[in-house]
Amino acid sequence: MLVNAKEILNKAKEGKYAIPHFNINNLEWTRFILEECENNNSPVILGVSEGAAKYMGGFNVVSAMVKELDKSLNIHVPVVLHLDHGSSVENAKKAIDNDFTSVMIDASTYDLDTNINMTKEVVEYAKKFNVTVEAEVGHIGGTEDGISAELAYAKVEDAVRLYKETNIDFIAPALGSVHGIYKGEPRLDFNKMKQIAELTNIPLVLHGGSGIDDEKIKQAINSGICKININTELQIVWSNAVREFIKTNNAYDPRKIIKAGEEAMKKEIKNKIELMGSLNKA
1083 MLVNAKEILN KAKEGKYAIP HFNINNLEWT RFILEECENN NSPVILGVSE
1133 GAAKYMGGFN VVSAMVKELD KSLNIHVPVV LHLDHGSSVE NAKKAIDNDF
1183 TSVMIDASTY DLDTNINMTK EVVEYAKKFN VTVEAEVGHI GGTEDGISAE
1233 LAYAKVEDAV RLYKETNIDF IAPALGSVHG IYKGEPRLDF NKMKQIAELT
1283 NIPLVLHGGS GIDDEKIKQA INSGICKINI NTELQIVWSN AVREFIKTNN
1333 AYDPRKIIKA GEEAMKKEIK NKIELMGSLN KA
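According to the working numbering, the stretch in the sequence shown is residues 1083 to 1364, in order.
See below:
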């Protein structure tokens, strides 16, 4: 069942757990994620980066694929189809026009006034279609879709202003996490998390959730994080299983190669569901 993110994230906020956001990269990954979340009765947010959308054929192809898989697999848990790190107002609107139920407008590389103005335009458009909106403040570092950026910690006052002036549904403050593989220890600012959560009273999002140890994930959830983005860890366990399969089976059938990572990937998905506390929360 495709829904927007508001209800499931507000429930997570009240219940002190987080909803897993798993990035999808192809049909098989989407199926693996949907099946495992259904098996564990967990709500799920399917994140689609602009690069992944382009790779899969465009927003319309992704939307049609997710809707048909949701139906054919007989999925009952709430599923959010979410644009991850939309880089422009135009792309956010395109995703909405193609039945995405949630979008992120990431104008965090601009000055705060520009970020607010871009975000406000997306929110005004999204509300017409009952679509939820996420925005970023500060800048989450690391590498995603081949694009690298330095981490810039969010200011509490900037996060509050972004929320108050745009009416976003949830916010991703950059507070020490990074995309991709960590170089060194993640240094999360839990005090700022708590302040932003209390002052905005909306769900917070943790990007770069792969590679953060379990205790810090739990502390982040207790500090107001209600959505945690996972991509790299699924890529690693899937690719390791596929490499081993090819090495030991002299495989060449692409269906068998892609499927070789299914078991490892589903095991990691279940681990994240249990860690975040979304098990049986659908």
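Backbone N, C-alpha and C fix where the C-beta goes; we use that ideal spot for every residue, glycine too.
- Around the beta carbon of E1172, a 10 Å sphere encloses fewer than 16 other beta carbons of the protein chains shown; the residue is thus reported as exposed.
- Put simply, the backbone Cα of S1321 is about 21 Å away from that of C1119.
- Beta-bridge analysis with DSSP links M1358 to no other residue.
- Burial state of M1083 is exposed, judged by a 10 Å Cβ sphere holding fewer than 16 other Cβ atoms.
- In this model, T1330 and K1348 are separated by some 21 Å (Cα to Cα).
- Nearest in C-alpha terms to L1288, of all of Q1317, L1316 and G1258, is G1258.
- Exclusion of the five residues before and after L1151 leaves L1109, T1112, R1113, L1116 and I1157 as the residues of its chain whose Cβ lies within less than 8 Å of its Cβ.
- When DSSP states are grouped into helix, strand and coil, P1336 belongs to the helix group.
- Taken in chain order, the complete beta strand (DSSP E) segments of 3 residues or longer contained in the region 1163-1233 are 1184-1187, 1214-1219, 1223-1226 and 1229-1231.
- Three or more pairs of CB atoms, one per stretch, sit closer than 8 Å, so the region 1125-1142 contacts the region 1173-1184.
- S1190 and S1170 have their C-alpha atoms spaced approximately 11 Å apart.
- Taking a cut-off of 8 Å on C-beta distances, the region 1271-1288 touches the region 1242-1256, as three or more cross pairs fall below it.
- Assigned with DSSP and collapsed to three states, K1309 falls in strand.
- Look at the region 1229-1258 and you find these whole runs of alpha helix (DSSP H), each 4 residues long or longer: 1238-1248.
- For the options T1214, A1236 and N1199, the alpha carbon positioned closest to that of V1162 is the one of T1214.
- In the three-state reduction of the DSSP assignment, L1281 falls in the helix class, which pools H, G and I.
- The residue from E1239, N1311, S1305 and I1307 with its alpha-carbon nearest to that of G1290 is N1311.
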